[in-house]
Structures are given as structure tokens and as C-alpha cells.
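Going letter by letter, the sequence shown gives residues 65 to 223 in this note's numbering.
Notes to accompany the following structure.
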Amino acid sequence: MLIRSDVMERLQEFEQQIAEQINDGDITVESIKNGLLIQMGNKLLFNSGEAELKPEAYEILKLIAKTTKDDAAEIVISGHTDNIPINSKKYPSNWELSGARAITVVNYLIDEAGIQPKILAATAYGEHRPIVPNDTPADRKINRRVEFSVTWSVPDLIY
């Protein structure tokens with residue numbers, strides 16, 4: 065991925081600010097075509113079976129917004145769960161829970177972090193796109209996540 069130098073500096077600063085969460089395995093950051101994929105474990109954002117942000121999530125979401133809001137072309141927030149069926153009247157399935165979580169993050173980014181709604185999207189995958197098999201509690205923990213797919217427009221790329 066080739067990105068303008070000022071954007072690259074912000075990305076490097078972002079990774080330094082979340083180094084502890086990266087080292088703990090709670091956040092991963094990887095390059096994708098024209099951008100970044102940030103994967104954040106649900107334990108940083110939500111309590112089990114809920115879609116209300118934890119207070120400690122605000123700082124990380126603000127850092128993501130600060131890093132991306134001025135020149136990202138698109139930010140897609142994707143909610144993922146493990147394959148254990150949810151037992152909740154509020155969320156009848158993992159699909160609804162994952163969608164509610166993605167929408168909660170999008171609403172926070174709009175309302176509190178000032179990201180323009182036109183570059184945001186929320187998607188729900190439930191348990192249908194696991195990173196690893198859902199065979200163990202540790203693997204199910206990995207699959208419970210929110211992903212931020214951030215892309216920059218072609219003019220932001222260096223050729």
C-alpha cells in the first residue's frame with residue numbers, strides 16, 4: 065500500500081498509541097488494498113451479549129477517528145460474533161447482535177467523533193466469517209470482533 069506521507073505518519077502515530085492493545089492481541093492492524101484493516105476484540109468495546117459501548121472504548125474510537133476522518137474515502141464497520149447462539153430477547157440472533165454493535169460504533173463515530181456519515185457503513189456478519197474455527201473458548205474470543213476497513217481515495221495514494 066502506498067499512502068501519502070502525512071497519512072502514513074498519522075497511521076504510525078496511531079499504532080504507537082495503541083501499542084499496548086496490539087501487544088496484548090486486542091487490536092490488529094494490517095494493510096489492505098488502498099487502506100487498513102483494524103480488527104478490535106469485542107472485550108475492548110462491549111460487554112458480552114450487549115451493543116452498548118464500554119466507557120473505555122471511547123478513547124480508542126477517538127484515536128481511530130483522529131487518524132482517519134480528515135481524508136479517508138470510506139470506513140466500513142463490520143460486526144462479528146462467535147457461533148454460540150445468543151440467548152437474548154433484545155437480540156434474537158448473533159446476526160442482530162453483530163449489526164447492533166456495528167451501528168453503535170458508526171453512531172459514535174458520527175455523533176461524538178465528527179466523522180462524516182457519507183463515508184461510513186455498518187455491516188453485520190454474525191458468526192458467518194470467523195477468522196479461526198470456533199472450536200475453543202480462545203478461538204471464539206478471536207472471532208468476536210469489530211473490524212474497521214478504512215480506505216483512502218486514489219488521489220491519496222502515491223504512485
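For every residue, glycine included, the Cβ atom is placed at its ideal position computed from N, Cα and C.
Since this is a predicted model, take the numbers as computed values, not measurements.
* State the beta-bridge partners of Glu211 as determined by DSSP. => The residue given as residue 211 occupies position 147 in the sequence shown. DSSP lists Gln103 and Ser142 as the bridge partner or partners of Glu211.
Point to revise | Every unbroken beta strand (DSSP E) inside the stretch 155-212 [3 residues or more] | key: Residue ranges of uninterrupted beta strand (DSSP E) with 3 or more members, entirely inside the stretch 155-212 and ordered along the chain, are 184-190.
C-beta atoms of Ala185 and Gly163 nearer than 8 Å: Translated into the one-based positions of the sequence shown, residue 185 becomes position 121. Translated into the one-based positions of the sequence shown, residue 163 becomes position 99. Taking 8 Å as the Cβ cut-off, Ala185 and Gly163 do not qualify as a contacting pair.
Check your understanding: When you compare only the Cα positions, how much space is there between Lys154 and Val140?
Key -> Reading the sequence shown from its first residue, position 90 is the one you call residue 154. Reading the sequence shown from its first residue, position 76 is the one you call residue 140. In a straight line, the C-alpha of Lys154 is about 24 Å away from that of Val140.
### Message
Taking the alpha carbon of Gln180 as the reference point, which residue from Asp146, Asn151, Ile150 and Ala129 has its own alpha carbon closest?
### Response
Here the question's residue 180 lines up with position 116 in the sequence shown. When each option's Cα is compared against that of Gln180, the closest is Ala129.
Fill in: Residue burial classification, Thr200 (beta-carbon count within 10 angstroms, cutoff 16)
On the sequence shown, residue 200 is found 136 positions in, with the first residue counted as 1. It is exposed - the Cβ of Thr200 has fewer than 16 other Cβ atoms within 10 Å.
Out of Ser69, His144 and Met72, point me to the one whose CA is closest to Ile206's CA.
Counted from its first residue, the sequence shown places residue 206 at position 142. Of the residues Ser69, His144 and Met72, the one whose Cα lies closest to the Cα of Ile206 is His144.
- Task: Since I believe Ser217 is in contact with Ala137 (beta carbons under 8 Å), could you give me their beta-carbon distance rounded to a whole number of angstroms?
- Result: The residue given as residue 137 occupies position 73 in the sequence shown. The residue given as residue 217 occupies position 153 in the sequence shown. Right, their Cβ atoms sit about 4 Å apart.
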